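Peer 1: Under mature numbering (1 follows the signal peptide of the UniProt record, and there is no 0), read the sequence shown as residues -24 to -1, 1 to 107, first letter to last.
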Amino acid sequence: MSRRGRPLWLACGLAGLLSAGVLAAPSAETATLRPTFGGVLLEAHLLPGSAQSLTGVWSDTGHAKLLRCTPSCQAVKEIPLTGPLIVSQSSPYRVVLGGTFKVGKRVKVLLRFGQSDLIAVEALVTATPSR
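Written out as structure tokens, the structure is:
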């Protein structure tokens, strides 16, 4: 392969990896916060990209609890991600922020995937409490 063709070949290979989601950055969609006992429950659709796990969540009130709820809830250090995941009241994994939140307020939430990928999302506090 000539030196001229090498950058084009590398660019095509990188584009293929990105389109396959291998090197994609993580993201979160449709983030809302629902009141629960002592705080709010994050409901979001997580797209992990190349990240293997969700390792932390923070807001102005502090660090969130990451929970595995099968059958009862227990705190975990990370939530494994093998593909898109919905965290909610009805999912096996949940994220709960402690504190007082006003209905209708938009809250900035920081999510950490793995050890380095950080994303910020804005979540609306809704009136419907979680059960």
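No residue lacks a Cβ here, since even glycine has one placed at the ideal position from N, Cα and C.
Here the structure is a predicted model, which means the values were calculated and not measured.
Could you check the C-alpha separation between VAL30 and VAL16 for me, to the nearest Å?
Peer 2: Rather than Val, the amino acid found at residue 30 in this sequence is Leu. Cα to Cα, the separation comes out at about 18 angstroms.
Peer 1: Tell me whether GLU54 sits in a helix, a strand or coil according to DSSP, three-state version.
Peer 2: If DSSP states are grouped into helix, strand and coil, GLU54 belongs with coil.
Peer 1: Leaving out five residues on either side along the sequence, give the residues of the same chain with a beta carbon under 8 angstroms from the beta carbon of GLY(-12).
Peer 2: Note that GLY(-12) has pLDDT 49, beneath the 50 cutoff, so the model's placement of it is unreliable and the number below is only indicative. If we look at GLY(-12) and ignore the five residues flanking it on each side, it has no Cβ neighbours.
Peer 1: Can you give me the start and stop residues for the beta strand (DSSP E) that LYS41 sits inside?
Peer 2: First-last of the beta strand (DSSP E) with LYS41: 41 to 45.
Peer 1: Measure how close the beta-carbons of ALA27 and LEU57 come, nearest whole angstrom, since I'm counting them as under 8 angstroms.
Peer 2: Right, the Cβ-Cβ distance comes to about 6 angstroms (below 8 angstroms), so this counts as a contact.
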